[in-house]
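Read through the structure below, which is laid out as structure tokens, and then see the notes.
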Amino acid sequence: MCLGIPMEVTSVEGYIAQCSAKGITREVSLFMVQHEHIEPGDHVMVHVGYAIQKMSAAEARTTWELLDETLAAMDAQTQQDAGSDHA
Numbered sequence: 008m009c010l011g012i013p014m015e016v017t018s019v020e021g022y023i024a025q026c027s028a029k030g031i032t033r034e035v036s037l038f039m040v041q042h043e044h045i046e047p048g049d050h051v052m053v054h055v056g057y058a059i060q061k062m063s064a065a066e067a068r069t070t071w072e073l074l075d076e077t078l079a080a081m082d083a084q085t086q087q088d089a090g091s092d093h094a
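Just so we're on the same page, my numbering is the position in the sequence shown counted from 1, plus 7.
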């Protein structure tokens, strides 16, 4: 399974952008979306250090909501599994 993470572009220099999400900042290559006009404030889907798609702020927000739900469910399952080990 491949996982892309929505990030907000904070600065752009050539084909390199600084992007942030959830308090984490990363350097991201814009090479794969060079046909798009990317500027600070835009949102991109990032996979292994490459922006693979430009997306709207609403799409990024919805994606994070789904990711947060998935992570919460996984965490609950892990806690449940750990509890059953001690029974």
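From the three backbone atoms N, C-alpha and C, an ideal C-beta is built for every residue, glycine too.
On a predicted model such as this, the values are computed, not experimentally measured, just so you know.
Item: Any non-hydrogen atom of the ligand NAD within 7 angstroms of Gln87 CB; Value: Here there are no bound small molecules, and the ligand NAD is not part of this structure.
Item: Trp71 versus Ala28, Gln84, Phe38, Gly90, residue with shortest Cα-Cα distance; Value: Ala28
Item: Span separating the alpha-carbon of Leu78 from that of Arg68; Value: 15 angstroms
Item: Among Val35, Ser91, Asp88, nearest to Gln60 - alpha-carbon criterion; Value: Val35
Item: Residues sharing a beta bridge with His54, DSSP; Value: Tyr57
Item: Collapsed DSSP secondary structure at Ser18 in the structure displayed; Value: strand
Item: Per-residue DSSP class, three states only, for Gln25; Value: strand
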